[in-house]
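For the sequence shown, the numbering used here begins at 4 and goes up steadily by one. Idealized CB from N, CA, C, for every residue including glycine. All values reported here derive from a predicted model rather than from experimental measurement.
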Amino acid sequence: MSVWLPSAPCTPRGCVEATATRTTVPRAVLRLTAVVVLVLVGVVLAPAGGRFPSRVVRYWSRTVVRAAGVRVRVTGATAPTGTGLLLVANHISWLDIPLLAAVRPAGMLAKDEIRRWPVAGTLVARGGVLFIDRDRLRALPATVARIADALRAGRAVAVFPEGSTWCGRAQGHFRRAVFQAALDARVPVQPVRIRYRDRAGAASTVAAFVGDDPLLASLWRVVSARGLVAEVEVLPVLAPGSHPDRRALAAAAGAQVLDGPPERQVMAMARPGAVPGPASHRPDPCVPDPGPSRRRRRGPRDVLQGAGERAGVPAR
């Protein structure tokens, strides 16, 4: 078993609400088909991605999200261009990837297993994806060095430093290792905050892709929803040399992205269709239990898991 395990306590059953307002099944099928076709086209064209103007890639990225029936709302500053850039964001959904590309096209950090996928693995590798072997923690410094090389070459690299997807009601914290690449390459860090809201403007976990949630189930939940909105806030950039080390840089980026207005209190624990009674009083699975179980001794597995999560690559 891989030592790289999700650190988020979020689960589909405990954290993801059912789609309250659904669209018709034929429309949902049409949306799903459109998303699959657009993604396949993107994978096939990925090796030639560097030849396309960035505006074309940004348009394609937004189109993928809109094809799923999700409105996109981008606010804040404009991400720097013409220089290497480390894009960092909180991680909730598979939709986060095209949403970040809509801010600035960037190479992604991905698990090494994808490289071994038939056909798609080769195409993705040729498209500029940076891979990390989550089972070999000693490979982390080399991965950071490769990211730094890409940044020095003027490329943008997108990373989710929480190391796992969270449901949006709760969040993790930014692992610091990947920020060393930005320090070594002396490039800016662009924090980005991603949120999902329903048609009434309330925080929504419909788009969350957490725990053992199958990808197809998550896709269907999104394309079936009506009025889902993705909010992307481009936050103030962190200039090179503004922070002395990776710990301070990670803390500054995390303070911008993760310390925004809390969503947890606006999410009711009871969901449509929930059975009333004692079940409605269960503790929120996203909130750590402060009881004795949290104070158990750390074993070898905990040490390996903690070390693996420092790189900031999603375990999904």
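For a cut-off of 8 angstroms, the C-beta gap from Leu88 to Ala159 is around 4 angstroms, short enough to register as a contact.
Nearest neighbour of Asp99 by Cα position, chosen from Ala49, Leu219 and Val73, turns out to be Val73.
For Leu241, DSSP records a beta bridge to Val192. Within the stretch 139-182, complete alpha helix (DSSP H) segments of at least 4 residues are found at 143-155, given in chain order.
Taking C-beta atoms as the reference points, Leu143 and Gly110 fail to come closer than 8 angstroms.
Residue environment for Phe55: exposed (fewer than 16 other C-beta atoms within 10 angstroms of its C-beta). Taking C-beta atoms under 8 angstroms as the contact rule, Val38 and Ala70 qualify, at a distance of about 5 angstroms.
By the Cβ neighbour-count rule, Thr168 is buried, with 16 or more other Cβ atoms within 10 Å of its own. Between Ala105 and Ser64, the C-beta gap is smaller than 8 angstroms, which places the two residues in contact.
In the structure shown, Arg229 falls within a coil segment according to DSSP collapsed to helix, strand and coil.
Taking 8 angstroms as the cut-off, the beta carbon of Val68 is found no closer than this to the beta carbon of Pro108. Under the three-state reduction of DSSP, Ala205 is assigned to coil, being neither helix nor strand.
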